[in-house]
Amino acid sequence: DSGVTQTPKHLITATGQRVTLRCSPRSGDLSVYWYQQSLDQGLQFLIQYYNGEERAKGNILERFSAQQFPDLHSELNLSSLELGDSALYFCASSAGAIVAQETQYFGPGTRLLVL
Amino acid sequence: DAKTTQPNSMESNEEEPVHLPCNHSTISGTDYIHWYRQLPSQGPEYVIHGLTSNVNNRMASLAIAEDRKSSTLILHRATLRDAAVYYCILSPFRGGSEKLVFGKGTKLTVNP
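Quick note, the sequences are listed as chains A and B, same order.
Its first residue numbered 3, the first sequence is counted upward by one per residue in our numbering.
Its first residue numbered -3, the second sequence is counted upward by one per residue in our numbering.
This is the structure:
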């Protein structure tokens, strides 16, 4: 158990809909990262927040947005969903912000299926 | 960003050592070498990381070539639980916009 929790575990929705994925980092960790893993694209970094502020951005679509709240939990919002958004979404956390020197602890993921 | 090259797959026998290679010929002086693994149906799991010197922890050892153009993850005694996809990742140390870029990794099969 990494100490990172993600809810829900599974989500089934329809195209055009909006969903929110939630992540609680390990106690004391200030950074939260979001990743998307699909069969054809592999594991892709989406975005990083550190202590409430956006720190780094990856291949995150404009239809997707995220935020980190004062209690350090994070939410990833996916809107206008398309079939291709079906994937596993992982959240990770680390103590600090410098990725090169940090260990990232990954949650169990949320499996999203868009029908 | 510097790239890594790993074999697509490797096989090992239980209780034998496993050496997982990674080539990174374009590595820069400030790139850290990270290894993560992903067991089936789970999120990635940190294994080890280093910059220049060899590193050991309870899970594995990381041997870094003197010119840093390659590295090897060593599992001293493979168990069935070590069957996973192993990712070798370079992470540059610089201010802002750092990220872990996961490639395809090496799928390790451990035979009983």
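Note that the Cβ used here is the ideal one computed from N, Cα and C, for glycine as well.
In this text, all values refer to a predicted model and were calculated from it rather than measured experimentally.
Cβ neighbour criterion (16 or more within 10 Å) applied to residue i
i	result
lysine 59 of chain A	exposed
leucine 86 of chain B	buried
serine 62 of chain B	Position check: residue 62 of chain B holds glutamate in this sequence, whereas serine was assumed. That one is exposed.
glycine 25 of chain B	exposed
glutamine 43 of chain A	exposed
glutamate 94 of chain B	buried
proline 13 of chain B	exposed
leucine 115 of chain A	exposed
Min CB distance residue i to chain A below 8 Å
i	result
serine 66 of chain B	no
glycine 46 of chain B	no
proline 3 of chain B	no
proline 36 of chain B	no
glycine 25 of chain B	no
lysine 95 of chain B	yes
tyrosine 82 of chain B	no
histidine 100 of chain B	One point to set straight first is that residue 100 of chain B is lysine, not histidine, in the sequence displayed. For lysine 100 of chain B, the answer is yes, since a Cβ of chain A falls inside 8 Å of its Cβ.
CA nearest to the CA of residue i, picked from the options
i	options	result
glutamine 106 of chain A	B/Arg64, B/Thr26, B/Arg73 and B/Arg33	B/Arg33
glutamine 8 of chain A	A/Ala102, A/Pro110 and A/Glu56	A/Pro110
valine 6 of chain A	A/Leu117, A/Thr17 and A/Ser96	A/Ser96
valine 51 of chain B	B/Ser24, B/Ile29 and B/Gly101	B/Ile29
alanine 94 of chain A	A/Gly86, A/Ser88 and A/His75	A/His75
proline 72 of chain A	A/Arg113, A/Leu32 and A/Leu117	A/Leu32
alanine 102 of chain A	B/Gln2, B/Val14, B/Leu16 and B/Trp31	B/Trp31
valine 21 of chain A	A/Lys11, A/Tyr51 and A/Ala99	A/Lys11
glycine 54 of chain A	A/Leu13, A/Ala99 and A/Arg113	A/Ala99
Any chain B beta carbon closer than 8 Å to residue i
i	result
arginine 58 of chain A	Contrary to the premise, residue 58 of chain A reads as alanine rather than arginine in this sequence. Output row for alanine 58 of chain A: interface = yes.
phenylalanine 47 of chain A	yes
glutamine 50 of chain A	yes
glutamine 70 of chain A	no
valine 116 of chain A	no
threonine 112 of chain A	no
alanine 89 of chain A	no
Residue i, DSSP secondary structure in three states
i	result
valine 6 of chain A	coil
valine 21 of chain A	strand
arginine 77 of chain B	helix
aspartate 42 of chain A	coil
glycine 30 of chain A	coil
asparagine 27 of chain B	For the record, residue 27 of chain B in the displayed sequence is aspartate; it is not asparagine. It is a strand residue.
alanine 102 of chain A	helix
glycine 39 of chain B	coil
glycine 86 of chain A	helix
asparagine 79 of chain A	strand
asparagine 53 of chain B	coil
proline 17 of chain B	strand
Exercise for review: Report the residues of the stretch 10 to 37 of chain A with a CB closer than 9 Å to any CB of chain E, ordered along the chain.
Suggested key: The chain labelled as chain E is not found among the protein chains of the depicted structure, namely A and B.
Check your understanding: Touching or not, the stretch 96 to 108 of chain B and the stretch -3 to 10 of chain B, by the rule of three or more beta carbon pairs under 8 Å?
Key -> In short, these stretches touch, since the Cβ pair count reaches three.
Review point. Touching or not, the stretch 15 to 26 of chain A and the stretch 70 to 82 of chain A, by the rule of three or more beta carbon pairs under 8 Å?
Key: As far as the Cβ criterion goes, the stretch 15 to 26 of chain A touches the stretch 70 to 82 of chain A, which means the pair count is three or higher.
Exercise for review: Check whether the stretch 61 to 71 of chain A touches the stretch 58 to 75 of chain B, counting contact only when three or more Cβ pairs, one atom from each stretch, lie closer than 8 Å.
Suggested key: In short, these stretches do not touch, since the Cβ pair count stays below three.
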